[in-house]
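Here the structure comes first, spelled out in structure tokens, and everything after it is commentary.
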Amino acid sequence: MKGFVFTNFLDFVEQSFGLEMVDQMIANSNLKSEGIYTAFNSYEFGELQSMLTYVCSKSGLKPEVALEEFGKFVFPYLIGKHSYIIEDYKDPIELIAGIENHIHIEVKKLYEDAELPTFTLVEKTDKQLIIIYQSKRGLTYFAIGLMKQTLKHFKVKGIVAIDESFNPKNSNAVKFTVTLED
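Taking the working numbering as reference, the numbering of the sequence shown is continuous, increasing by one, and the terminal residue is 182.
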């Protein structure tokens, strides 16, 4: 997993819980990297899992809540660093629909060894988007946080929901419905 996720996670924990929590998390998470990350290097996903587990055990947050909040936290970083990628999008439906065939292509240009989730477009209207998200890392709630922050970025009210009835052959897949409210 790319280092920018780790550096942002450290920033997220510091902003949310303080520097002492970051220090304790690094000291108690048995990290091969010792908590030293650079944005462009790659690190084991297990390190993020260990840090998330520690933060949740100390804060009382459920992992789903922590990941969603982390997704919301990361969105401004992505927009700030890579605004040229999204500048052509005029609404959240178009941006989210463009993840797989535009945004991830641009990400691969920057980080060619990045292991990205896939977003398969199922249905799209002006007010609703149905996509299937697939990731071996299971960061569903991180993706939800990013999508919710996308709605906020465009100053649009909406709902990001998981289709609980979706039963894929691949258990790493989740169906999302993004619905804009009037």
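Built from N, CA and C at the ideal position, the CB exists for glycine as well.
- Taken atom to atom, the span from the alpha-carbon of HIS82 to that of GLY98 is near 15 Å.
- Here VAL74 is near GLY145, since their CB atoms are less than 9 Å apart.
- Straight-line measurement puts the Cα of SER42 at about 26 Å from the Cα of THR150.
- For THR120, the enclosing beta strand (DSSP E) stretches over residues 118-124.
- Rounded to whole angstroms, the gap between the alpha carbons of VAL178 and VAL13 is 28 Å.
- A direct Cα-Cα distance of roughly 19 Å separates LEU78 from VAL156.
- Per DSSP, ILE96 is one residue of the alpha helix (DSSP H) stretching across 92-97.
- With respect to PHE119, ILE105 sits apart: the two C-beta atoms are not nearer than 9 Å.
- Membership of LYS175 in the beta strand (DSSP E) is indicated by the continuous run 173-180.
- Nearest in C-alpha terms to SER29, of all of ALA39, GLU123 and LEU52, is LEU52.
- DSSP, read as helix, strand or coil, puts VAL160 in strand.
- Between ILE93 and LEU129, the C-beta gap is smaller than 9 Å, which places the two residues in contact.
- Between THR7 and the set ALA27, GLN24, PHE40 and GLU20, the nearest pair of CA atoms involves PHE40.
- Taking the Cα of VAL160 as reference, the smallest distance to any Cα among ASP113, LYS169, GLU20 and LYS148 is reached at LYS148.
- For LEU129, the uninterrupted beta strand (DSSP E) segment begins and ends at 128-134.
- When secondary structure is reduced to three states using DSSP, LYS72 falls in the helix class.
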